[in-house]
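In terms of this note's numbering, the sequence shown is residues 158 to 686.
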Amino acid sequence: MTTENNIPEWMKELWAWADENYISEEKLPRDKDTLLKITKLDLSFSKLREVPESIGYLSQLKQLDLSYNSLTKLPESIGQLSSLKRLDVGSNFLIQMPETIACLSQLKQLDLYHNELTELPESIGDLSKLKVLNVSYNPLIKLPQSIGKLAKLKKIDLSKNKLTILPSSMHQLKKLNDIDLENNPFIDLEQVIAHLPTQLKQLSLSCKKPNILLKNIDRLSNLKWLSLSGKNSIEFPKSIGELSQLKGLSLSGVTTISENIGLLSNLRELDLYCSKLIQLPESIGNLSKLRQLKVYRGNLTHLPESIGQLSQLKKLDLDYHKLVELPESIGQLSQLKKLHLKQNNLTKLPQSIGGLSKLRKIYLSENELIELPESIGQLSQLEELSLWSNQLTDLPESIGHLSQLKKLDMAYNKITNLPISMGKLSQLEDLELCITNLNELPKCVAQLHKLTRIRLGSDNFIDLSKVIDGLPISLKIFELYCKQSYGLPENIVRLSQLETLVVSGCKLPILPASISQLSQLKTLCLGDK
């Protein structure tokens, strides 16, 4: 039985602090025996300004989370938590770490992100079991040489600090696999690379200098993922071809890409976040094992013919560029499953597009397409086709050959009718058909027996009862935009599976009595917008 007399002073102090800071008994037990056995303490988001020295008596504690508070320092007694395996003090205002942190002999993960640390204590090198260290988002200006003693360290995040150099002892970290050094004002990237351990598998690095030449990058021959960001150009030496383990490469902020990128013969994924990029090198076609190519938000107007040599490519993302045409060679991408071409300046597609026999999804919205090639019907595996906001006046008859198509979006085009063959789209579930000049619902829509959602809109619909008669009864979601309508017809009841009905663009419509018979209806939205 716990009495006032046999409760130690440190425990009274800890409980008083907990009460003062509205820390619940569920988080910090007020029972002596339970408190002494506590192994996990989560005090994140508790608006704490200080932690008492008495915290050091919780000798069984294995996890301590003090993140997202207002702490400016930690108690010296933190070093008494001899069982602690994880300490998270991220997102505070810490300006230094106590030297006693070295006493945390069991610590495996230390999170110090988002603080005000300018340096780490020399004693940090004594954390012999540390595997993960996160010191990102601090004003660190240097690292202690003792960091090289962290023999079991596997991952370290030093991104978004003020480091200009790395200690030479870094190369001693023989277990280090992953290091993030992005957004530091390094003076000499070659020196940085020279101080890194050669067994490194993942590296993120950036430099604010206008031109970067990574002469010694080949010494990191075990790299599997490399992320580089710069200002203008990143030049790769021919020796980059020796990075035979490299599977992923991400480049950002650059305006030109070295032809030597084509030497990365085992590359699987290439991500380019380069808004000023105007062309891809021809050598990109040499990346014969590439499975994903993403060039996000740039100024590309053309693609190299060599793009067709990427025989293993499964995803090609070229959204938000200025492409005016695609090369015929694109039809050689026989393994391609996803093609993103949103927001470009394409007016047509090459006939060879039909060669993409494994294509599942193609996004062509917000281009200037005036027609689609007949060969589009050869895309026998296509499940999603987005043509939103183009200049199309009709669709080819071959569209009906897309036997696996599930979603078709052709809203905001200039189409006035649909080909009869569209009725053959037996798997179609989702149809977007908001077209200003559409006078009536094409008869082929009634044949789409798996259709569960349709978004339908026109300025010219007059007889809504005919529209509803032309819809398949499988519909569950019906979204209607129509300026000419002033009421819903009684035959809305034939859509007996309807769960969601949205009517917009007109004055609030008159609802027929029959709408009460729509027993599955869960959502009804009416409005003039």
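Ideal placement from N, C-alpha and C gives every residue a C-beta, glycine not left out.
Beta bridge counterpart(s) of residue i as assigned by DSSP
i: Ser384; result: Ser361 and Ser407
i: Tyr453; result: For Tyr453, which the question treats as bridged, DSSP gives no partner whatsoever.
i: Val289; result: Gln266 and Lys312
i: Ser543; result: Tyr520 and Asp566
i: Gly614; result: Cys591 and Tyr638
i: Gln220; result: Lys197 and Arg243
i: Tyr430; result: Ser409
i: His497; result: Asp474 and Tyr520
i: Asp190; result: Bridge partners of Asp190: none, in fact.
i: Leu231; result: Paired residue(s): none; Leu231 is not in a bridge.
i: Ile336; result: Ile313 and Leu360
Residue i vs residue j beta-carbon contact at 8 Å
i: Asn417; j: Lys433; result: no
i: Met567; j: Glu540; result: no
i: Pro687; j: Pro209; result: Since the first residue of the chain shown is 158 and the last is 686, residue 687 is not available in this structure.
i: His352; j: Leu330; result: no
i: Lys184; j: Lys219; result: no
i: Glu276; j: Ile298; result: yes
i: Leu510; j: Pro484; result: The residue you asked about is not Leu; residue 510 is Ile in the sequence shown. No, these two residues do not count as a Cβ contact at 8 Å.
i: Ser201; j: Ile180; result: no
i: Gln266; j: Val246; result: no
i: Ser422; j: Ser396; result: no
i: Lys471; j: Gln489; result: no
i: Gly442; j: Leu408; result: no
i: Leu688; j: Gly534; result: The question about residue 688 has no answer, for the chain in this structure spans 158 to 686.
i: Asn570; j: Leu605; result: no
i: Leu424; j: Leu403; result: yes
i: Ser361; j: Ser384; result: yes
i: Leu475; j: His497; result: yes
i: Leu420; j: Leu450; result: no
i: Asn373; j: Ile350; result: yes
i: Leu503; j: Glu482; result: yes
Same chain, Cβ closer than 6 Å to residue i, five either side skipped, listed in chain order
i: Ile435; result: Asn456
i: Asn318; result: Asn295, Leu297 and Asn341
i: Gly614; result: Cys591 and Tyr638
i: Ala259; result: Ser280 and Asp283
i: Leu192; result: Pro186
i: Ser522; result: Lys499, Ser543, Trp545 and Ser546
Rounded distance between the beta-carbons of residue j and residue i, thought under 8 Å
i: Pro530; j: Glu554; result: Actually they do not touch by this definition, with Cβ atoms about 12 Å apart.
i: Ser316; j: Leu346; result: Their Cβ separation, rounded to whole angstroms, is 15 Å, which puts Ser316 and Leu346 out of contact at 8 Å.
i: Leu400; j: Leu380; result: 6 Å
i: Ser239; j: Ser216; result: 6 Å
i: Leu261; j: Gly236; result: 6 Å
i: Lys494; j: Lys515; result: 6 Å
i: Gln658; j: Leu681; result: Looking at the sequence itself, residue 658 is Leu, so the reference to Gln does not match. Confirmed, about 5 Å.
i: Cys364; j: Phe343; result: 6 Å
i: Ser224; j: Asp268; result: 7 Å
Neighbourhood of residue i by C-beta, 8 Å cutoff - its chain only, sequence neighbours within 5 removed
i: His478; result: Val452, Arg454, Gly455, Asn456, Leu457, Thr458, Gln500 and Asn501
i: Phe250; result: Ser227, Leu228, Thr229, Asn272 and Glu273
i: Leu562; result: Leu539, Glu540, Glu541, Leu542, Leu582, Gln584 and Leu585
i: Glu177; result: none
i: Pro301; result: Glu276, Leu277, Pro278, Glu279, Ile281, Gly282 and Pro324
Beta-carbon proximity list for residue i, same chain, < 7 Å, skipping 5 on both sides
i: Leu264; result: Leu241, Lys242, Leu244, Leu284, Lys286 and Leu287
i: Gln654; result: Ile630, Ser631, Leu632, Lys633 and Gln677
i: Pro669; result: Leu645, Pro646, Glu647 and Ile649
i: Met158; result: Only weak support exists for where Met158 lies, its pLDDT of 41 falling under 50; the coordinates are left without a value.
i: His328; result: His352, Leu353 and Pro354
i: Leu447; result: Leu424, Arg425, Leu427, Leu467, Gln469 and Leu470
i: Leu307; result: Gly282, Leu284, Leu287 and Leu330
Cβ-heavy atom distance, residue i to the ligand COA, below 7 Å
i: Leu598; result: Looking at this structure, you won't find the ligand COA or any other ligand, since it has none at all.
Report task. Please specify which runs of the alpha helix (DSSP H), each continuous and at least 4 residues long, are wholly inside the region 621-682, giving them in chain order. Result -> 621-626
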